[in-house]
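Asker:
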């Protein structure tokens, strides 16, 4: 991702974080807590997380770890985010020994090879690189041992360009099929969002 795009994302979340009255989901750019949770549920139901090592790209406050840990025993969780205030709060809040956080740009840092790699909401930002999404999906797929899971905004609903970018589901599916035939789409939880699951052989 271009440095100016990264700056726009940083300033967006920084401004929301400076507002002490902001709720967690608003700081992270979610429209509501319900929208955040239904995405987490779609992710949790899309793969077997028991005793898996999970990489969460753009982890924010680490709330996906909270959700998954409610009824799944993760072997290890690593959250990566470029916004230090989020990670600072996550580290202070979560004391689990199998949960770690790292400050880094997900588009540039080498991705560790873990069982399941997730990007929830973090691939929706505008980029000057026209193939940014394809590059990220390719990197995630190369690093994942078993499964890649990511969600995107639906272009049929989000028509106006903003800081966020929406995608055509069929275009994304077509690209994913160049990497593996084992591709699934989950689109029954929200009209404005869809989740893609890529499984490795």
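Numbering (the numbering used here), first residue to last: 0 to 200. C-beta: ideal position from N, C-alpha, C; glycine also.
If we count the other Cβ atoms within 10 Å of its Cβ and call it buried at 16 or more, is residue 38 buried or exposed?
Answerer: Along the chain shown, read from residue 1 onward, the residue named residue 38 stands at position 39. With 16 or more Cβ atoms within 10 Å of its Cβ, residue 38 is classed as buried.
Asker: Compare the C-beta of residue 33 against all C-beta atoms of chain D and say whether one is closer than 9 angstroms.
Answerer: You won't find chain D in this structure, because it holds only one protein chain.
Asker: Taking 9 angstroms as the threshold (C-beta atoms), are residue 45 and residue 171 in contact?
Answerer: Translated into positions along the chain shown, residue 171 becomes position 172. Translated into positions along the chain shown, residue 45 becomes position 46. It is not a contact, given that the beta carbons lie outside the stated cut-off.
Asker: Do three or more CB pairs link the region 105-113 to the region 125-139 at distances below 8 angstroms?
Answerer: yes
Asker: When burial is assigned at 16 or more other CB atoms within 10 Å of the CB, is residue 129 buried or exposed?
Answerer: Along the chain shown, read from residue 1 onward, the residue named residue 129 stands at position 130. Burial call: exposed.
Asker: For residue 58, name the three-state secondary structure that DSSP assigns.
Answerer: Counting from one through the chain shown, the residue named residue 58 turns up at place 59. Coil at residue 58, not helix or strand.
Asker: Just checking, does the region 148-160 make contact with the region 185-199 on the three C-beta pairs under 8 angstroms criterion?
Answerer: yes
Asker: Which two residues bound the contiguous alpha helix (DSSP H) that contains residue 136?
Answerer: On the chain shown, position 137 is the one that residue 136 refers to. From DSSP, the alpha helix (DSSP H) with residue 136 extends over 131-142.
Asker: I need the DSSP call for residue 186, collapsed to helix, strand or coil.
Answerer: Taking the chain shown and counting its residues from 1, the one referred to as residue 186 is at position 187. Residue state, collapsed to three classes: coil.
Asker: Looking at C-alpha atoms only, which residue of 200, 163, 187, 167 is the closest neighbour of residue 179?
Answerer: Here the question's residue 179 lines up with position 180 in the chain shown. Ranking 200, 163, 187, 167 by Cα distance to residue 179 puts 200 first.
Asker: Work out the CA separation of residue 59 and residue 91 for me, nearest whole Å.
Answerer: Here residue 91 is taken as the residue at index 92 of the chain shown, counted from 1. Here residue 59 is taken as the residue at index 60 of the chain shown, counted from 1. Taking the straight line from one Cα to the other gives about 13 angstroms.
Asker: Over what stretch of residues does the alpha helix (DSSP H) that includes residue 88 continue unbroken?
Answerer: As a position in the chain shown, residue 88 is number 89, starting the count at 1. Here the alpha helix (DSSP H) through residue 88 covers 83-92.
Asker: Take every Cβ of the region 64-71, pair it with every Cβ of the region 118-134, and state whether three or more of those distances are shorter than 8 angstroms.
Answerer: no
Asker: From the DSSP output, read off the bridge partner residues of residue 149.
Answerer: As a first step, residue 149 must be located in the chain shown, where it is residue number 150. For residue 149, which the question treats as bridged, DSSP gives the partners 118, 195.
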